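Quick note on the working numbering: the sequence shown kicks off at 787 and runs consecutively.
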Amino acid sequence: MAEPARKVDIIDARPAFTQAEADALNARFDGVDTLTMLRTVFAEGLAGNVAVVSSFGTESAVLLDLVAKADPTVPVIFVDTLKMFTETLDYRDTLIRTLGFTDSRVVAPDAAVLAAKDETGLRWSYDPDGCCEIRKVEPMKRAKDGLDAWISGRKAFQSVTRQNLPRFEVEDGRLKINPLGDWTKTDLEAWFEAHDLPRHPLEAQGYLSIGCEPCTSKVLPGEDPRAGRWRGWDKVECGIHSPISPIPVADPDDPANMPVF
Ligand code: SF4
787 MAEPARKVDI IDARPAFTQA EADALNARFD GVDTLTMLRT VFAEGLAGNV
837 AVVSSFGTES AVLLDLVAKA DPTVPVIFVD TLKMFTETLD YRDTLIRTLG
887 FTDSRVVAPD AAVLAAKDET GLRWSYDPDG CCEIRKVEPM KRAKDGLDAW
937 ISGRKAFQSV TRQNLPRFEV EDGRLKINPL GDWTKTDLEA WFEAHDLPRH
987 PLEAQGYLSI GCEPCTSKVL PGEDPRAGRW RGWDKVECGI HSPISPIPVA
1037 DPDDPANMPV F
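Written out as structure tokens, the structure is:
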């Protein structure tokens, strides 16, 4: 009897998402309110294996509330750099509990890498880029392994470095969703009030954008809300987010822009 044909494994190295698919999603949800968009994305599985990433900062509750209302089983990922404010860790626990999330995940820096590259724990003071690389960027990469898409809380108004923020973009072959990209500070405040969301305990003290304790300071009246991050350095982002490319203009009548899911 002839041997059965040997089954050959084929590794599919295609990216989970292409720019054309992100463009199609931007066109499909143009003008659709954020909560309806998220509910549809989750219900139809448009983002595949997706998680929301949160820093549990001053504005994080709005995105988390929207995601929880749409689907509280969506995993919530927190990168604990081991340099966070105690208040942030407490706030995280409060939000996870009150919003009803069922899958909370924490990723931390690799202990061996910390021992080799930041033995004193002071790398932030002379090489913040290197510190962010080992405490944020590398753990974040690990957290995204296995994900097709992730949800970010970035907003265009936060900084000039975040202008032209599309709702859907592609980063390293993965879909990145920015549900609050076009929200204003007024929109966020209104959502906080309407849904009675708890505030980060440090906000009332003047911390408007909160990251790691050594690299976060209070923001003075009239300053950019992120001016308190890495004050004194020319650093404005931690490296988790790639530079933003302009929003492509998608023609919804072009077959290339039709959804392909
Ligand atoms: S924000 Fe500061 S302490 Fe945190 S990882 Fe970056 S440099 Fe290090």
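Backbone N, C-alpha and C define an ideal beta-carbon position, used for all residues, glycine too.
Note that the structure is predicted; figures quoted are calculated from it, not measured.
Return the Cβ separation of residue i and residue j in integer angstroms, given the expectation that the two are a contact with Cβ distance under 8 Å.
i: VAL1089; j: VAL862; result: The structure shown has nothing for residue 1089, since the chain only spans 787 to 1047.
i: ARG940; j: GLY959; result: ARG940 to GLY959, Cβ: 19 Å. No contact.
i: TYR993; j: GLY1008; result: Not confirmed; about 16 Å, so no contact.
i: LEU850; j: SER840; result: 6 Å
i: THR844; j: ASP889; result: At roughly 24 Å, the Cβ-Cβ gap does not stay under 8 Å, so THR844 and ASP889 are not in contact.
i: TRP936; j: LYS971; result: Contact doesn't hold; Cβ gap of about 24 Å is too wide.
i: PHE828; j: ASP857; result: 4 Å
i: ARG924; j: ASP896; result: The sequence shown places Glu at residue 924, rather than the Arg named in the question. GLU924 to ASP896, Cβ: 7 Å. Contact.
i: PHE943; j: VAL848; result: Not really, about 13 Å apart at Cβ, beyond 8 Å.
i: THR804; j: VAL956; result: 7 Å
i: VAL865; j: VAL899; result: In fact, because the Cβ distance is near 14 Å, the residues do not count as touching under 8 Å.
i: ASP931; j: ILE920; result: Between ILE920 and ASP931 the Cβ distance is about 17 Å, and since that is not below 8 Å, they are no contact.
i: LEU824; j: PRO965; result: 6 Å
i: LEU885; j: ALA929; result: So it is not a contact: roughly 20 Å between Cβ atoms.
Quick one: is the Cβ of residue i within less than 7 Å of any heavy atom of ligand 1?
i: GLY997; result: yes
i: TRP910; result: yes
i: PRO925; result: no
i: LYS922; result: yes
i: LYS869; result: yes
i: PRO984; result: no
i: PRO914; result: yes
i: PRO965; result: no
i: PRO1000; result: yes
Taking 8 Å as the CB-CB cut-off, is residue i touching chain D?
i: PHE978; result: Looking for chain D here will not work: only one protein chain is present.
Exercise. Output the residue ranges of the alpha helix (DSSP H) runs that lie fully inside the stretch 837 to 903 and measure 4 residues or longer, sorted by chain position.
Key: 846 to 856, 872 to 885 and 897 to 903
Quiz item: Counting only runs that start and end within the stretch 907 to 956, where is the beta strand (DSSP E) found for 3 or more residues in a row?
Solution: 935 to 937
Practice problem: Could you tell me whether the stretch 997 to 1004 touches the stretch 862 to 873, where touching means 3 or more Cβ pairs closer than 8 Å? | Solution: yes
Exercise. Kindly confirm or deny that the stretch 923 to 935 and the stretch 825 to 834 touch, where touching means at least three C-beta pairs closer than 8 Å.
Key: yes
Exercise. Could you say if the stretch 971 to 986 and the stretch 875 to 882 meet the contact criterion of at least three C-beta pairs nearer than 8 Å?
Key: yes
Quiz prompt | 3 or more residues per run - each beta strand (DSSP E) lying fully within the stretch 949 to 1015 | solution = 954 to 957 and 960 to 963
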